[in-house]
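Only one structure is covered here, and it is reproduced in the block below.
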Amino acid sequence: MENEPADDDALAIIAEEADVAEFGIAVSAQPEIRPEDADAGNAADNAEDSGDVVPDERESGLFPEGSSFRYQYADGTFAVDTWVVADDVRYYFGADGLAVAGRQKIEDCWYFFDDGCRMQTGWVTWKNGTKSFFDWDGRALTGWRSFNGVKYYFDPSTAMSLRW
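Put into structure tokens, the structure is as follows:
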């Protein structure tokens, strides 16, 4: 090939490496690149050398991880300790960056997320027979509440009703 060193040049590089190796120093022989041999490349290739930042086009969205999800923003960072709405569904991502599931207390309010980590609203009946009501914003109601003229009491510490 045109850019390969002549045999004499290759032997000189090997000899130079051998001399340096005697002193315990590792040297990597790199060929000299002349401007006329350099490939012009494209703007993204040259930007790396120039120090310019080239944005990395990443897709944002939900990415499965085990039985949960992570949410990646377009800039490559992940949602942590925050709410995200994706495809008209609300998710909460914990300190580990994973979407939460089940009954969760977030900022002193109770929420419920199904097995798919989606925030739920409306009535939920628990295995022990108690019930909770999650308002339109996902927060569980507490204290005395009235629905269609019927009063219910939801324990403020658990957001669960007495059995009925």
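Under full-length UniProt numbering, the first residue of the sequence shown is numbered 1, with each subsequent residue one higher.
Where a beta carbon is used, it is the ideal one built from N, C-alpha and C, also for glycine.
Quantities reported herein were computed from a predicted structural model and do not represent experimental measurements.
Using the rule of at least 16 other Cβ atoms within 10 Å of the residue's Cβ for burial, across every protein chain shown, is Ala74 buried or exposed? exposed
Applying the 10 Å Cβ sphere with the 16-neighbour rule, what's the burial state of Leu98? buried
In three-state terms, what does DSSP make of Arg118?
coil
In whole angstroms, give me the CA-to-CA distance for Gly76 and Thr125. 39 Å
Short of 8 Å in beta carbon distance, which residues of its chain neighbour Trp136, apart from the five on each side in sequence? Order them along the chain. Thr121
- Message: For Trp110, tell me which candidate among Thr130, Asn128, Gly138 and Gly116 has the shortest Cα-Cα distance.
- Response: Gly138
For Ser146 and Ala159, the rounded distance between their alpha carbons: 15 Å
query: Per DSSP, what kind of secondary structure is Tyr73 in: helix, strand or coil?
result: coil
Practice item. Pull up the distance between the alpha-carbon of Ser68 and that of Ile106, whole angstroms please. Key: 18 Å
| Candidates Trp144, Phe63, Ala79 and Asp155: which alpha carbon is nearest Asp96's? | Ala79
TODO: Pull up the distance between the alpha-carbon of Tyr152 and that of Ser161, whole angstroms please.
DONE: 7 Å
Discussion item. Measuring alpha carbon to alpha carbon, tell me which residue in Phe133, Tyr91 and Lys131 is nearest Asp115.
Written reply: Tyr91
| said: Taking 7 Å as the limit between beta carbons, can you name the residues of its chain near Thr82, skipping five residues before and five after? | reply: Phe93
> Phe63: buried (16+ other C-beta within 10 angstroms of its C-beta) or exposed?
Replying inline: exposed
Q.
For Ser132, count the other beta carbons within 10 Å of its own beta carbon; 16 or more makes it buried, fewer makes it exposed. Which is it?
A. buried
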